[in-house]
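Asks: Protein chains in written order, with our numbering: chain A, 462 to 562; chain H, 21 to 513; chain E, 296 to 836; chain S, 18 to 200; chain G, 1378 to 2053.
For each residue, glycine too, the CB sits at the ideal point set by N, CA and C.
This one's a predicted model, so the numbers in the text were calculated from it and none came from an experiment.
Structure provided below as structure tokens; questions to follow.
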């Protein structure tokens, strides 16, 4: 196995995530897309780790941290979604354009 | 393998941790009317955390822990000082604001303290992972705090925009970091620096640097990663906007400084041009956008974008052969410190003014000085300082900034000229604020309790800010020690 | 007077700002206390400057030696010091500054423009005084820059708050501005635009001096030293000079950077215009003499023809513009463009005579135009209009004021025997024979055009007199009771009149201070002693 | 190495299989017209990722992924979907109408990233020493060198938790607060 | 001032001169008293009986003592002295000095100015009684005299300029004295500005010469000229021409004479002083001061100067023929006489020119004062309102006649001698054509003076009211001036040196450098006769045309006809052949000159003035407000609109922000990875 096969897969996932983030209207779905991106990053890290085999397995540690942070992000994100929903009865980002220029 | 831990070195972080736990506890036991104690505790804690800094500053040997992934040197101390003082001022501003609006107080201070903790950690980080976690801790709570005015849809929107763009930037940043790791097999800056020595022509590295820069660029709201700033500043509670525009921006800069000068000094010929571009864009677009703002907070938002541009200028000099890296580094740092002081002052003025005018619209601020000359004077001081007019602190920041790029090199000179032109543009809208406060005739009565003086804490904040602004302006040597701190780090470069 | 040696200048400079602080503690309703304190402060500052004159050793030493020198570390990090001192060139301007400031305070005693608020106004004036005095004595580029900029803020507020409130349309903008606002912003932006580049120039010098024996320095004497040794040359110096040129030229103001001036003068309150015309404009030309010329002599020579051309354009252009004015104050404002044109022409020749001309020209212009603005202010104070079409026969309604007005106008058109003459005449003299190596063609053409300019000057001044002073008063003033000059106005004006006459007939009072310094300056910077003259024809006997 | 050599290794078949699954599910996550489905597709994608981690002999990370995500996060998501009453059925209005720009951007991004990594790593091999990375090693580095971030990240979670609750919870009316106080 | 004497001795043309002792050393008082008077009158004039007039008179009285003493000393011994104070050193060896020089030339002028001035002042006491702003009048009048004295005493060009402009200023005040009427103000402006234009010449000339010599002193200039210093000769032509330009302005030489007629707007005493002793003579005086320059170096310029002078003396003289305003007649005659002086000096007739200046001062002052007294009586300047005044105003009449004859150059009055001298010089210097023009000029002069006398004093009175002789205080000065007008010609009879006092030429001779100009050894009787004949012819013709008075309107219009109604006039001349000759020659010519004067030259001035103002408007409204200023406004407006354009980016839609975000990142990637 070469490392690039993982990297390219990760790149693809990341791109998909970006696409989702740009296209999705529903905030929850946007969060999902973000998860895809972070996941891509994880793939990168782990792949690199097993390519380099660092003494302290830094890559994997990094991946674990990313996963944790991602979880926290989700929590925060959903909380915000709920708050907005409570005020606006909608989880649609397009409705959020009160403030401009 | 066990690590020996220097607790004095960690004291500031530990004190903050203690404070935020104490705040939580107090929040649970205190009945609502007494909850303002949490604020007091937070302020006290922050002040207390400044003490060990002093002690550490006295002995200037560098303390390095955990395989050098966590370092306490002068540079770190200066920044921690900056973060703590800024936080201290923000707390002072928040106190009355939060209490009077019946927001959740305990949680508010808890989250803010957490964010402060993050910034402290980041200042000492010499390692991608620590840096990343630190940044997350700085930002995470802010996503929530931006939406603290739960009832107000604008506030919701603010936090939502901030959050979505925040996570996007985090993802990109992480991707960049992963590439760096992959290329070097290291996460410690020292290691990376060693490994990337001759690698500057490696496209993947360039890409990695770019992606990381996107992450930092978001934090410091540099064009084109600035879109969130105006909306968020406007929607968020004003003290949070202040915090965003100072601490979180500073955090971003610190990250950038460390990574660029510590981890990637070898690749300066890669990142210097990029930052040249970002600087030029941020200055120009930020200023031009600010020209048309009618809402004073949005105006400050764009101004902070432009100011970020000015702070980026010195980076561009780093690539030039024979450039004085310490000088460039110190310039950014000094600018950061001075900017923090005067920008916080400006926001404090906004809070105080908003109480009188009950509006953030500049038009409603017209003639404010008639009813409150002191506030008028303060407005003049802070905004002219931001404009960089002597003898207010701002001039020295600009001065240092120019000083770092006046090198015999077309690239930097051209940037200097761009900066000079922008200084004048910026002048226009800063003067516009002062103008409407002093020169315009009031439109009707001031709805807010025009008589009400700013709350004691806010007055204290204003006092500190104005004192520092004038003092540094008249005797800039005060701020010069920052340069010595800068040397520690920049010698790596 | 050891004490005076060390503290004289510092007191002159910082006493006013201290006074400003003091005023801050006086209740704004207690007008008399405010005025008396302010007056006391400015008088003391003036006294201090006079003491400096008394202690000044005239005709002393080669150029670049300063008296009453103080040199203390200020911003150690960038090697910028609190370095002040005077020589024959700065001394007259310093005294002029403190002197006019005193008169301005006296005048404003009972002339408060709307909205009154004497407290704020006086405080601003005092801060302004510090800025102005400081600029003339600063011997460190950073210090110079600071003082140079300090001047902005008070003036900005003076114009903006007490200025002319009539709205006016501005090309390019949809809604009309109030004149004061437009003028204030414009003044502010123009000046800062210039000084931003000036700062760049200073910094460039700082770095270029890096490998000199002084190390990186902002110190004017040291830089002058280096400049004389030819340390700054080539494209670098060329651009540096250009940058500083922008900064100074805006302040002077030189065509085509002058357009802030008419608006600012017209909009500003009387005292504001007076200080603006009498002192602030001098900062620019002083900067040329003190900084640009000695530090970058070669570039100065390169730029000289360019400066001369702009100066002459300014002369002709300003005068022509004056002819078209209907607003008295605006006319006077434009006349400044012309007069400063002569000053710059003198400087451009790079000769001792030329620079002498510029200095005495500055002083004269300060006194005369200052007085003119006083008068214009007092008149519009009484008539509530500055439209010359509505005035006329003023001398019939107010003989004394009309008389003084006529006198000042005559002085302003460069009548020999009054202060204004020497500046114009001498800059023509110097333009006939500029520094060796400068294009005679350019400068002699400049001389002729300048001479024609004097005619135009006479033209519009007479036109103004005719419209304002002479003829029958227009019927709209029938029944109005005009009180002629009051005692505050007289106390403020008479000293100016006397000085104008004295300098007119006995210019030595200026020359004895300046000539040696100027000659040595030219000698040091350009290595030539004087304009070409025929030793064979030295007077016999 | 040619594609033939590459494909000749059986492990790569496995990779190919999992990879395709991941890609497909990932695509569906961002295209599915039904919110719940999207969430479930994410499960698939993550599971696939875990598989890849196993291929890379990073078992610990794989299991963490499974536990944290599929165990917690997805549930969290579903809750979120339920609470916000996002239309659980088909919903055409899920995506914004303008898809051209986003697709262009993401494709470009993919190309850039892919090109970059190919340039950088060419055919570097992934060395897998059969045996999985020992959890002990991870533990040591987590609690050793990386103890600071380890501690700090807990504050991130704590902040997210408390802040999330505060933000998301329904505010009490003043009256309710009175009752709350009286009790 | 030893060097002066040394040099003078070398030239050997000068009798050894005393330094003048006390009187020369204190001569500066003359330069100061008028200014003290000026201040004193402004201060306390109102409260005095004559409203300050007495102060002015006193001042000039004191001056006259010094002037007379010096004059006499110069007659007997010759006085040569210079006193200067340094008022400023410019670096280099250029020095500004103020002071006074006492030599033949300046003494002559001192005497002239103070003597004539005093008489005019006294006259003015009566003339101005009851007029408006009398104190201001006398103040300005003193200023006028004072400035002239400064000019006269000037030891260097700079002080000359000071006095020069001072005179201009005073004339501005006095011409615009009745400033309630803006026309008078405009007249004042015109005078001042016209002079100012010419002054460019003076100033630039001063600059060029001063810088070249390294000194502004006349003495240095004279020495340099005497030594034919090459540096000086290099600039001599330019410098000389420029100085002459200045002189043309003050001395109202063609085409700068335009301001003079308008200058009549002031009170008559002003005109008297202005035309006789001060203002207009300054130009000639300047030429005399720098004479060595033209004598030795700037010969090329002299041709021009002579030409200008010739044109002036004849063409402007013709104008006097058609003027109706008596003061204008005199004004034009002054110009024409100045033409004589200028021509003479230019031709090298230094003494001749100055002698004419000297004599002319007396009778021209006399004529003006006479005219003033007439105007005082009939309250009109127009001769068409006068006539037959010889009976009610005998003194005025006789003195006026004396003045006229002197001006016309009738033997043995002053004018005859000086004019003859000029003719002689012209002949000697070989300017024969010019000489004949001058003779023709003499004819014209006599002609218009006769016309003036006839229309004013003969025939019947056509004005209103009952004219009376003026008071003693006015007639006194008339007599006081009539005497020198008769006698002073004898002071310089060619070849005759009065025992003990010598003659005018010798007095003038006391100079730095002897002028070496031609001074006839004896009278050229032929030439004298021709000159005299021309004058007499002029009188005769004049008398023929205007002598008899015609009652009916159209008949009285007769003398206007040549000027106004060509057709009428031609018819009229048909039935009077003798006069027809003159009519067809003088008439059209006069009209032509008049026309050019009004339309060409004046027109040019007006056009230039108008253009300048228009240009001003253009520059201001066009360039300044739109152009230069517009750039600024344009810029800020541009920045403004740029700002609003950027606002469009801030759509408030988070996903567009995000795309901007990603796009930004991508662009950076493309830029820095692929491009760079």
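1) How many Å lie between residue 123/S and residue 476/A at the Cα?
2) How long is the line joining the alpha carbons of residue 321/E and residue 393/H, rounded to whole angstroms?
3) Could you give the first and the last residue of the continuous alpha helix (DSSP H) run that contains residue 300/E?
4) My assumption, with CB atoms under 8 angstroms, is that residue 1667/G sits in contact with residue 1620/G. Please give the rounded CB distance.
5) Go ahead and label residue 1951/G buried or exposed: buried means 16 or more other beta carbons lie within 10 angstroms of its beta carbon, across all protein chains shown.
6) Check whether the Cβ of residue 1701/G lies closer than 8 angstroms to any Cβ atom in chain E.
7) Excluding the 5 residues flanking residue 64/S on each side, which residues of the same chain have their C-beta closer than 6 angstroms to its C-beta?
8) Residue range of the beta strand (DSSP E) that residue 366/E falls in?
9) Under DSSP, the beta strand (DSSP E) around residue 1458/G begins and ends at which residues?
10) The alpha helix (DSSP H) spanning residue 503/A covers which residue range?
11) Indicate whether at least one CB of chain S lies closer than 8 angstroms to the CB of residue 55/H.
12) Please compile the residues from chain E whose C-beta is within a distance smaller than 9 angstroms of the C-beta of residue 448/H.
13) Using 8 angstroms as the Cβ pair cut-off and three pairs as the minimum, do the segment 1907-1918 of chain G and the segment 1782-1793 of chain G touch?
14) Taking all protein chains shown into account, decide if residue 760/E is buried (16 or more other Cβ within 10 angstroms of its Cβ) or exposed.
15) For a test of the three-state rule: what should DSSP assign to residue 1588/G, helix, strand or coil?
16) Whose Cβ in chain S lies nearer than 8 angstroms to the Cβ of residue 507/A?
17) Work out the CA separation of residue 1764/G and residue 1913/G for me, nearest whole Å.
18) Run down chain A in chain order and give the residues with a C-beta less than 9 angstroms from the C-beta of residue 2047/G.
19) Could you name the residues of the segment 365-391 of chain E whose beta carbon sits closer than 9 angstroms to any beta carbon of chain H, in the order they occur along the chain?
20) Terminal residues of the continuous alpha helix (DSSP H) containing residue 168/S?
21) Decide if residue 1849/G is buried, meaning its Cβ has at least 16 other Cβ atoms within 10 Å, or exposed.
22) Would residue 169/S count as contacting chain H if we go by Cβ distances under 8 angstroms?
23) Going straight from the alpha carbon of residue 1669/G to that of residue 1602/G, what length do you get?
24) Out of 33/H, 25/H and 64/H, which one is the CA nearest neighbour of residue 43/H?
25) Taking beta-carbon pairs under 9 angstroms, can you tell me which members of the segment 467-485 of chain A lie near chain G?
26) Do residue 100/H and residue 62/H have their CB atoms nearer than 8 angstroms?
27) What is the rounded straight-line gap between the Cα of residue 467/A and the Cα of residue 504/A?
28) I'd like the span of the alpha helix (DSSP H) that includes residue 176/H, first residue to last.
Replies: On the basis of the data shown:
1) 5 angstroms
2) 14 angstroms
3) 297-319
4) 6 angstroms
5) A caution first: residue 1951/G carries a pLDDT of 31, below 50, which makes its placement in the model unreliable, though a value can still be read off. With fewer than 16 Cβ atoms within 10 Å of its Cβ, residue 1951/G is classed as exposed.
6) no
7) none
8) 362-370
9) 1458-1466
10) 488-513
11) no
12) 480, 483 and 484
13) yes
14) buried
15) helix
16) 69, 70, 73, 75 and 78
17) 22 angstroms
18) Per Cβ cutoff of 9 angstroms: no residues; residue 2047/G is ~15 angstroms from chain A at best.
19) 368, 369, 370, 371, 372, 373 and 375
20) 164-185
21) exposed
22) yes
23) 6 angstroms
24) 64/H
25) 479, 482, 483, 484 and 485
26) no
27) 7 angstroms
28) 173-204
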